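Numbers in the numbering used here are just positions in the sequence shown, counted from 1, shifted up by 1343.
To start, the structure under review is shown below, and the notes come after it.
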Amino acid sequence: MDKQPRLSFPLIVQCSLFLLPVNIYIIGEWLGAGIQWILFRYQQTYLGNNLIVFSKDILYVQNGILTGKSAISAAIAFAATCIIIMATVLLFIAHMENRAKRVKTSALLTIFSGCLFLLSDILQYGIFLNGPAGFVVPIGVPVIFLVGALVYRTDITDTHKNEPVSDKPKEYVI
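Quick look at the structure:
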C-alpha cells in the first residue's frame, strides 16, 4: 500500500477534470446560454432551464431533434466524453493494480478527448468559435490538454518489473 501514492496524483488530477466546465456558450443571438461539463450541461433558454446529461444528446440525434452540424457536433462531444471516461477508468485500474503501464495510454486518450471537444466546438460555432449559432469559450479544453500532458510526463516506473513471474493466478481478497 505504501507505493500507491505515486499513482494517486495522476488519478486525482484526471478526476478533477469532471468538476471543471468544458465550455461556456451562448446560443444564437442570446436565445440561450449554458455551461457544459464533461458529463452534463446546464442550459438556460427562453423555453426554460435544463440539465442535460451527455447521453441525452445522442438520443436527440437519434430522434431527429438535433440535425446537421449540431448532430455531428453532439456525436463528437459524446465520443470525447466516452474517451475521457475510458481514460479515467484506465488510470483507476492502474492505481488499483499498482502498475504504471496504462498511465501513458490514459494520458494520450485524455489529450485525444480534448481534441474531440475542440473539434466539436469548431464544427458547431466555426473556426473562430463565433458564428450564427452563437459563440463558445472552451475554458476547460486547455485544462484537458494540460492534464493529459502532465499525466503523460509524470515519471512513474513500474515496480512489478523485477518480480518473478508466477504461473499461479492472482488472488484478490475482497
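Virtual Cβ for every residue (Gly too), placed ideally from N, Cα, C.
Just so you know, these numbers come straight off a predicted model, no measurement behind them.
Residues in the same chain with beta-carbon distance under 6 Å from A1414, minus the five sequence neighbours each way, listed in chain order, please. Correct list, in chain order: V1404.
Please report the straight-line C-alpha distance between T1497 and T1453, rounded to a whole angstrom. The alpha-carbon separation between T1497 and T1453 amounts to approximately 14 Å.
DSSP state of Y1368, grouped into three classes? It is a strand residue.
Label I1487 either buried or exposed according to how many other C-beta atoms from any shown protein chain fall within 10 Å of its C-beta, with 16 as the threshold for buried. When all chains shown are included, I1487 counts as buried.
T1410 versus V1480: straight-line alpha-carbon distance, rounded: In a straight line, the C-alpha of T1410 is about 23 Å away from that of V1480.
Per DSSP, N1392 is paired with what? When beta bridges are read from the DSSP output, N1392 appears opposite Q1387.
With DSSP as the reference, label I1436 as helix, strand or coil. Helix, per DSSP.
Under a three-way DSSP split, which group does F1488 fall into? Here F1488 sits in helix by DSSP.
Does the segment 1439-1449 come close enough to the segment 1376-1387 to have 3 or more Cβ pairs within less than 8 Å? No: fewer than three Cβ pairs fall under 8 Å.
Cα-Cα, which of I1427, Q1387, A1422 and I1428 is closest to I1370? The shortest Cα separation from I1370 among I1427, Q1387, A1422 and I1428 belongs to Q1387.
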